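Accompanying notes for the structure given below.
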């Protein structure tokens, strides 16, 4: 990991509050692994002070791509960055997805959680059968569909809460059945907390190898501030930034 | 053009640091986390995250809340305990010769003493910093730094039983920080560091709930700099021992301002979290600014505020 001054190549508004950003980041792009994230400055002044964490969508040296949603003041400011703007980043940060071979993998993405999931496709699809369930509120929240279509996935199932695309319902609605029908060995999920909780309570007893990639508000991103902790099943706290963001699902204390 | 040589060294009396920049406790981990970013040898010193005798889990999340040019934190001094920290210090000391400062915590005076004695015995440790802002379990959560007599008693106890120079870290969350500073000096403190975070609060309007389970949290970052500068000025005007200024420092200019009001050195806090190489930049900025203002050494401006 390093502090790197990146150059904005593209910061494209997709729809609603979603953006696709391409950054020139020589160091980060050549050292990143699927699952890693970066901390990106929201301003070149001290307000807002904290950098924002973003799961990497793809690293194609010397570039990285990010897929993000405006959720507050920081991401709002980041969305105003223009090509050739310079922006400070720290990365690559965090652990990465496990190496897997000859497995049937079910990847579950909720909303902007598709970003790190997408980054893992290339590695996983070369030696595994990869299934994807991708869900969001509505059709407009279900971005990157064209990119996903180019990936050799075994099966893609889309869900929207309002039924505007794919099946109507929550992303977790049929997970259990899909795991059983397709003899899935491993699940890897990324999305909002409610999705993880529902997933945990639906599939935990199937005794599969389950991984989650967590999102958290972070102060530093490299283990210093201890601000991004998550409670574990063992009763202590782990840092999402350096112990994660990828955890075994059973490691985390999921509330009912 | 003649080469201007500037001397960045910071003299605390009992130790001379190569420069006045010391990353503060809680904002620099145990030093080793910054190894990938820069060579720790460039620092004046660094303070390790506050340590109690036993491992501590810390507070439940949320632990952070961003405010205008600052952050509120309620981490709860999570840490590995004194035994594990000894191992960490031995490891860190192998790759840097920069003075290592241990921030000593305790829930009781006895615990403070035991922690202080543990690290007083380590040759790898240069100084002890006594964090007298820890809630005391026998005083209903009140910390020693909120009571002159308790501060005096605790500092004296530590000084009588340890040999390393003792820095006493003060909190701004007290009625009269100057009288606490004087009590610490009278009890034998070698140096003071101030200030710790300011207590603040954040609430959720929608749910009408406080953000933090503890209701209040510590505010740090550039937002507190003017408040800290005033308290450092007041304390420096009232004590004769050296003072390390802390509070929202993010630039070399900030450092020189704290020295101008009387500080001998400074600690940098929150900026280390958001800009890991901040120390490198700040030290460079001090040097450039001293050259620009024709300040040959820090003693020239220390406490030189014209009032």
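Chains as they are written, first to last, in the working numbering: chain A, 16 to 271; chain B, 12 to 318.
From the three backbone atoms N, C-alpha and C, an ideal C-beta is built for every residue, glycine too.
Predicted model, so just to flag it, every value in this text is computed and none were measured.
- Under the three-state reduction of DSSP, residue 310 of chain B is assigned to helix.
- For chain A, the residues of the segment 285-299 of chain B that bring a beta carbon within less than 9 Å of one of its beta carbons are 285, 286, 287 and 288, in chain order.
- DSSP places residue 211 of chain B in the strand class (E or B) of the three-state scheme.
- DSSP places residue 82 of chain A within a strand segment (E or B) once states are collapsed to three.
- If you draw a 10 Å sphere on the C-beta of residue 141 of chain A, you find fewer than 16 other C-beta atoms in it, and that means exposed.
- 231, 232, 233, 234, 235, 236, 237, 238, 239, 240, 241, 242, 243, 244, 245, 246, 250, 251, 252 and 257: these are the residues of the segment 228-262 of chain A whose beta carbon lies less than 9 Å from some beta carbon of chain B, given in chain order.
- In terms of Cα proximity to residue 150 of chain A, the closest of A:177, A:250 and A:217 is A:177.
- When DSSP states are grouped into helix, strand and coil, residue 45 of chain A belongs to the helix group.
- Per DSSP, reduced to three states, the secondary structure at residue 299 of chain B is helical.
- The beta carbon of residue 200 of chain A sits closer than 6 Å to those of 118 and 119, all from its chain and outside the five residues before and after it, given in chain order.
- Here residue 61 of chain B is not near residue 81 of chain B, since their CB atoms are 8 Å or more apart.
- Residue-level contact by beta carbon holds for residue 105 of chain A and chain B, with a gap shorter than 8 Å.
- Taking 7 Å as the cut-off between beta carbons, the residues of the segment 58-76 of chain A near chain B are 61, 62, 63, 64, 65 and 66, in sequence order.
- Interface residue (Cβ-Cβ distance to chain B less than 8 Å): residue 18 of chain A is classified as such.
- In terms of Cβ geometry, residue 260 of chain B and residue 269 of chain B form a close pair [threshold 8 Å].
- At a cut-off of 8 Å, the C-beta of residue 53 of chain B has no neighbouring C-beta in chain A.
- Between residue 169 of chain B and residue 136 of chain B, the C-beta gap is not smaller than 8 Å, which leaves the two residues out of contact.
- 8 Å or more divides the Cβ of residue 35 of chain B from the Cβ of residue 309 of chain B.
- Taking the Cα of residue 256 of chain A as reference, the smallest distance to any Cα among A:237, A:171 and A:250 is reached at A:237.
- Beta-bridge pairing by DSSP links residue 233 of chain A to no other residue.
- Assignment of residue 144 of chain A by DSSP, reduced to helix, strand and coil, places it in the strand class.
- Taking a contact as a CB-CB distance under 8 Å, the pair residue 134 of chain A and residue 73 of chain A counts as one, their CB atoms being some 6 Å apart.
- Per the C-alpha coordinates, the member of A:104, A:148 and A:206 positioned closest to residue 44 of chain A is A:104.
- Per the coordinates, the alpha-carbon of residue 95 of chain A lies some 22 Å from the alpha-carbon of residue 129 of chain A.
- For residue 252 of chain A, the uninterrupted beta strand (DSSP E) run begins and ends at 252-254, by DSSP.
- Put simply, the segment 195-210 of chain B touches the segment 157-174 of chain B. At least three CB pairs are less than 8 Å apart.
- Two segments are said to touch when three or more pairs of C-beta atoms, one from each, lie closer than 8 Å; by this definition the segment 246-255 of chain B does not touch the segment 279-297 of chain B.
- The beta carbon of residue 220 of chain A is closer than 6 Å to none in its chain, skipping five residues each way along the sequence.
- Counting only the Cα atoms, residue 275 of chain B lies some 49 Å from residue 227 of chain A.
- Comparing alpha carbon positions, the residue from B:267, B:145 and B:286 closest to residue 243 of chain B is B:267.
- Taken in chain order, the unbroken stretches of beta strand (DSSP E) that lie wholly in the segment 203-275 of chain B and span 3 residues or more are 209-212, 227-231 and 254-257.
- Fully enclosed beta strand (DSSP E) runs of no fewer than 3 residues occupy 138-142 and 177-181 of the segment 124-191 of chain B, in order along the chain.
- By the neighbour-count definition (other C-beta atoms within 10 Å, threshold 16), residue 171 of chain B is an exposed residue.
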